[in-house]
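In terms of this note's numbering, the sequence shown opens at residue 64 and continues consecutively. Heads up, the beta-carbon is just placed ideally off N, CA and C, and yes, glycines get one too. The structure presented is a predicted model; accordingly, all values stated were derived computationally and were not measured.
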Amino acid sequence: RLDQKMKRTLRKRALIGLVFILVISLIMAIVSLVKSLLSLSDDTMISMTLSAFESVGLLVSLIIAINQLNDSKEIARADFLVELNKAFTENQGNMELYTALQDCLDGKCDGCDGGEGVCNLSFPKVMVSNYLTFFETVYLLLCNGVLSFEMIDDLFGYRFFLAVHSKFVQQS
């Protein structure tokens with residue numbers, strides 16, 4: 064993914080450079096054409112040329128500002144995702160439940176009797192509810208466009224499916 068993103072960034076920068084060169088060439092060609100068609104004085108042509116460059120400069124500045132806003136939005140979103148992950152991993156209850164669920168999946172669980180399909184882990188329902196409520200929050204962020212599925216899938220997908228496919232969580 065990172066290589067693809069770097070390639071897109073390089074292509075984007077090359078395209079911006081090419082457009083910039085084309086715009087300057089186009090302005091110079093238009094100024095020359097206007098001068099020859101209207102027989103304007105050199106002072107008027109210099110003034111028109113400067114005005115054209117100022118207009119292009121303004122447009123370029125706007126494009127750069129919009130690009131910077133998008134970049135800062137992505138950085139803020141990444142920071143938010145890091146903090147969200149930190150909130151999950153620093154919650155002692157979530158980590159205890161996650162470890163127990165992983166142990167059950169790995170066959171190291173003391174609370175599960177394999178053949179019966181019953182899991183008797185000793186976690187209160189509120190701990191299971193809090194674990195799942197975290198994912199409800201993630202879902203709401205996803206629905207409201209704060210996060211994208213691609214952003215959360217690698218980080219939270221396994222934790223979610225570990226819980227919802229657990230016999231203990233289903234029983235609780």
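To the nearest angstrom, how far is it from the Cα of T107 to the Cα of L96? Their backbone Cα atoms lie some 14 Å apart in a straight line.
Can you tell me whether C206 is helix, strand or coil according to DSSP? In this structure, C206 counts as helix in the three-state DSSP scheme.
Tell me, to the nearest whole angstrom, how far the beta carbon of L205 is from that of F212; I am working on the premise that it is less than 8 Å. About 6 Å separates the two Cβ atoms, so the contact holds.
Should R222 be labelled buried (16 or more other beta-carbon atoms within 10 Å of its own) or exposed? Counting every other CB atom within 10 Å of its CB across the protein chains shown gives R222 a total of 16 or more, marking it as buried.
Give me the residue from I87, F224, L147 with the minimum Cα distance to V209. Measuring C-alpha to C-alpha distances from V209 to each of I87, F224, L147 identifies L147 as the nearest.
Taking C-alpha atoms, which residue in G80, C172, E159, L218 lies nearest to V145? Across the set G80, C172, E159, L218, the C-alpha of L218 shows the shortest separation from the C-alpha of V145.
For G154, three-class secondary structure by DSSP: Per the sequence presented here, residue 154 reads as Asn, with Gly not at that position. It is coil, neither helix nor strand.
Per DSSP, what kind of secondary structure is F212 in: helix, strand or coil? Residue state, collapsed to three classes: helix.
Can you grab the Cα-Cα spacing for the pair D66 / T72, in whole Å? Going by the C-alpha atoms only, they are around 10 Å apart.
The alpha helix (DSSP H) spanning K171 covers which residue range? That residue, K171, is in no alpha helix (DSSP H); it is neither H nor E in DSSP.
Give me the Cα-Cα distance between I62 and R140, rounded to the nearest whole angstrom. The structure shown has nothing for residue 62, since the chain only spans 64 to 235.
Using the rule of at least 16 other Cβ atoms within 10 Å of the residue's Cβ for burial, across every protein chain shown, is F231 buried or exposed? If you draw a 10 Å sphere on the C-beta of F231, you find 16 or more other C-beta atoms in it, and that means buried.
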